[in-house]
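Student: Provided herewith is a single structure, encoded as structure tokens, for subsequent inquiry.
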Amino acid sequence: MQEQYDVVVIGAGPAGSTTAGLVSQAGLKTLLLEREAFPRFHVGESLMPECYWPLQRLGLVERMKESKFVKKRSVQFVAASGKESQPFYFTEHDPRECSTTWQVERADFDQLLFDRAGELGADCYDQTRVLDVVFDEDKQAKAVKLRTRDGETKTVECKVVVDATGQSSMIAHKLGLREDIPNLKKAAIWGYYKNARRDDGINSGATIIMHTVEKDSWFWFIPLSDDVTSIGCVGDNEYMVKTELSVEDRYQLEISRCPGLQERLVDAERVGKLHVAKEYSYWTKQHAGEGWVLVGDAFGFIDPIYSSGVYFALTMGDRAANSVIGAFEKNDFSGEQLGSWCEEFKAGSQWIRKLVEAFYSKEFSFGKFMAEHPEYKGNLVDILIGRVFHSEAGNIFESMDPAMAAAVDMQ
Ligand SMILES: Cc1cc2nc3c(=O)[nH]c(=O)nc-3n(C[C@H](O)[C@H](O)[C@H](O)COP(=O)(O)OP(=O)(O)OC[C@H]3O[C@@H](n4cnc5c(N)ncnc54)[C@H](O)[C@@H]3O)c2cc1C
140 MQEQYDVVVI GAGPAGSTTA GLVSQAGLKT LLLEREAFPR FHVGESLMPE
190 CYWPLQRLGL VERMKESKFV KKRSVQFVAA SGKESQPFYF TEHDPRECST
240 TWQVERADFD QLLFDRAGEL GADCYDQTRV LDVVFDEDKQ AKAVKLRTRD
290 GETKTVECKV VVDATGQSSM IAHKLGLRED IPNLKKAAIW GYYKNARRDD
340 GINSGATIIM HTVEKDSWFW FIPLSDDVTS IGCVGDNEYM VKTELSVEDR
390 YQLEISRCPG LQERLVDAER VGKLHVAKEY SYWTKQHAGE GWVLVGDAFG
440 FIDPIYSSGV YFALTMGDRA ANSVIGAFEK NDFSGEQLGS WCEEFKAGSQ
490 WIRKLVEAFY SKEFSFGKFM AEHPEYKGNL VDILIGRVFH SEAGNIFESM
540 DPAMAAAVDM Q
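In terms of the working numbering, the sequence shown opens at residue 140 and continues consecutively.
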């Protein structure tokens, strides 16, 4: 590890490895630092089809196609009544190969991205924790303090710090930039099953989203490789984990309230322990400043329902890389330059955020919405695949009656 770099990226999840890889490819001297020993377990296994483009820029599409990752070609919603929506088939919307995406074991996927950042020229270190970001008297980020895997503490100087620390959101915590999203205080409990019943053919790799009766919670059903299925339950934080019920009892109770899931679990056996994540939704009120920029969950995280987290992480990595490369070309390391992509990103991501609000409002159901407004299917699938950075993506919200639209309107 050297004493000085152009760019230091903190955190080697999808956001950090993408940024590090792309700025290195452009010739910038880049250090990528990760506190965990890789490969490491992580939640967030279902990808959105639009991940294809940042993966293509990274040169990883062929490796993804050759990998053991299960191919995902559709998503399906099951209402609280047990009524199944027609699956949304991505290739019906766009027949190109970008419409097939993947369900990934994150340990393997993140390792692939980490290795790629190294191949593209970044100096990559895992088991290396960043202890602090150092700012000068003009509030310009100048360096990071870190602890190496041998326990040595050192300071590395740089022109740009990219914060990709995920939910730890290091800079946002330090500068007080995190804002809760009050109506999305949720918690998730999930586990892994062998031999859960999957659908056949084109639907075999589908993500299935199932509401429980009365819509108090919903389940994700994500088929992974080696016949393992990730099955997670999400509901209000108070309801899920702040009750007298143990995590195990809450999870089992919710399964018993989800008929569609029960029949898929008849021959299944859980492997390993249950996992819990809570109060993971937040946003940041500033996304870049002098010499620093936030990407991925460090910038904000909305909700797991549409599997947008990794897509946003890859997309932010891709866009932030352009702004960092531009900063070096112009010798301009201001927040305006480093965050020049953020407004467009927010404008697109708000459509997913609005559809999240719709999903959690008791009135909304995908089946009912499609029956009433078949003309908006294209717009809806655009949002479900992540194609939200164009002006028509939000047309679907114009079709909702005023009460529904108000319910999903973000404050
Ligand atoms: C319950 C739940 C379910 C989800 N399901 C999905 C899904 O199905 N599909 C989907 O796309 N997304 C899903 N997500 C979201 C997804 O997990 C995240 O959006 C995604 O991992 C963000 O990537 P990232 O690179 O920003 O952060 P991360 O993947 O979290 O990576 C951040 C990295 O930074 C490292 N780090 C942190 N602090 C330091 C430090 N001080 N020094 C060095 N390294 C550090 C961490 O160890 C970590 O490896 C889900 C999230 C939750 C909570």
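Glycine included, each C-beta is placed from N, C-alpha and C at the ideal position.
#1: May I ask you to verify whether the segment 403-410 touches the segment 449-467, counting CB pairs closer than 8 Å and requiring at least 3?
#2: So, does the segment 335-342 touch the segment 504-524, judging by three or more C-beta pairs under 8 Å?
#3: With a threshold of 7 Å, establish whether the CB of D436 neighbours any heavy atom of ligand 1.
#4: Let's test the definition: count the other Cβ atoms within 10 Å of the Cβ of E353 and tell me whether it reaches 16, buried, or not, exposed.
#5: Beta strand (DSSP E) containing D145: first to last residue?
#6: Between the segment 310-321 and the segment 282-291, are three or more C-beta pairs nearer than 8 Å?
#7: With DSSP run on the structure shown, which of helix, strand or coil describes C397?
#8: Expressed to the nearest angstrom, what Euclidean distance is found between the alpha-carbon atoms of F536 and L494?
#9: According to the Cβ coordinates, are V273 and L172 closer than 8 Å?
#10: Taking the C-alpha atoms as reference points, what is the distance between G474 and L384?
#11: Need the endpoints of the beta strand (DSSP E) that E296 sits in, please.
#12: Q266 by DSSP, collapsed to three states: which one?
#13: Who are the Cβ neighbours of D249 in its own chain at under 8 Å, not counting the five residues just before and after it?
#14: What are the uninterrupted segments assigned as alpha helix (DSSP H) that are 4 or more residues long and contained completely in the segment 332-417, given in chain order?
#15: Is it right to say H529 is buried, meaning 16 or more other beta carbons lie within 10 angstroms of its own, or is it exposed?
#16: Is it the case that the CB of T239 approaches a heavy atom of ligand 1 more closely than 7 Å?
#17: Can you tell which of A497, T346, V463 has its C-alpha closest to the C-alpha of G428?
#18: Hey, is S488 close to ligand 1, as in C-beta under 7 Å from one of its heavy atoms?
#19: Excluding sequence positions up to five away, which residues of its chain have a Cβ less than 8 Å from the Cβ of M549?
#20: Which word fits M140, buried or exposed, when buried means at least 16 other C-beta atoms lie within 10 angstroms of its C-beta?
#21: Going along the chain, which unbroken runs of the alpha helix (DSSP H) with 4 or more residues stay wholly within the segment 440-487?
#22: Return the first residue and the last residue of the beta strand (DSSP E) that Q242 is part of.
#23: Determine, using beta-carbon pairs with one atom in the segment 370-388 and one in the segment 354-361, whether at least three such pairs fall under 8 Å.
#24: Bridge partners of D319, per DSSP?
#25: Hey, would you say the C-beta of E184 is under 7 Å away from at least one heavy atom of ligand 1?
#26: Relative to the alpha-carbon of G487, which residue among L519, G533, N518 has its alpha-carbon at the smallest distance?
#27: Assuming D355 and Y378 form a contact by the criterion Cβ under 8 Å, report the distance between their Cβ atoms to the nearest whole angstrom.
#28: Checking 8 Å against the spacing of the C-beta atoms, do R196 and T239 come in under that value?
#29: Using the three-state DSSP reduction, which class does K210 fall into: helix, strand or coil?
#30: Excluding the 5 residues flanking E142 on each side, which residues of the same chain have their C-beta closer than 7 Å to its C-beta?
#31: Report yes if the C-beta distance between L259 and G183 is below 8 Å; otherwise report no.
Tutor: This is what the structure gives:
#1: Result no; under three Cβ-Cβ pairs closer than 8 Å.
#2: They do not touch, by the three-pair rule.
#3: D436 Cβ: within cutoff of ligand 1.
#4: Result: exposed.
#5: Unbroken beta strand (DSSP E) run through D145: 143-149.
#6: With the rule of 3 Cβ pairs closer than 8 Å, the segment 310-321 does not count as touching the segment 282-291.
#7: If DSSP states are grouped into helix, strand and coil, C397 belongs with coil.
#8: Take the alpha-carbon of F536 and the one of L494: they are about 9 Å apart.
#9: Taking 8 Å as the Cβ cut-off, V273 and L172 do not qualify as a contacting pair.
#10: Taking the straight line joining both Cα atoms gives about 47 Å.
#11: Per DSSP, the continuous beta strand (DSSP E) segment holding E296 begins and ends at 292-302.
#12: Q266 falls in the coil class under three-state DSSP.
#13: So the list reads A151, G152, P153, S156, F177, P178, R179, H181, once near-sequence residues are dropped.
#14: Counting only runs of 4 or more residues that sit fully inside the segment 332-417, the alpha helix (DSSP H) segments are 376-380, 386-395, 398-403, in chain order.
#15: The residue is exposed, with fewer than 16 neighbouring Cβ atoms inside 10 Å.
#16: No, ligand 1 has no heavy atom inside 7 Å of this Cβ.
#17: Scanning A497, T346, V463 for the CA closest to the CA of G428 turns up V463.
#18: No, Cβ of S488 sits at least 7 Å from all heavy atoms of ligand 1.
#19: Legend: pLDDT at M549 = 35, less than 50; position of this residue unreliable, value from coordinates given subsequently. Excluding positions up to five away in sequence, the list reads Q489, R492, K493, E496.
#20: Exposed, since its Cβ has fewer than 16 Cβ neighbours within 10 Å.
#21: Entirely contained in the segment 440-487, the alpha helix (DSSP H) runs reaching 4 residues are, in chain order, 448-469, 474-477.
#22: If you look at Q242, you'll find it in the beta strand (DSSP E) that goes 240-242.
#23: Of all C-beta pairs linking the segment 370-388 to the segment 354-361, three or more are shorter than 8 Å, placing the two stretches in contact.
#24: According to DSSP, which records beta bridges pairwise, D319 is partnered with Y421.
#25: Taking 7 Å as the cut-off, one finds at least one heavy atom of ligand 1 near enough to the beta carbon of E184.
#26: The option with the nearest alpha carbon to G487 is G533.
#27: Your pair D355 and Y378 checks out as a contact, with CB atoms roughly 6 Å apart and the cut at 8 Å.
#28: Cβ atoms of R196 and T239: not closer than 8 Å.
#29: Here K210 carries a strand assignment [DSSP, helix/strand/coil].
#30: Same-chain partners within the cutoff: V295, E296.
#31: No, Cβ-Cβ distance for L259 and G183 is not below 8 Å.
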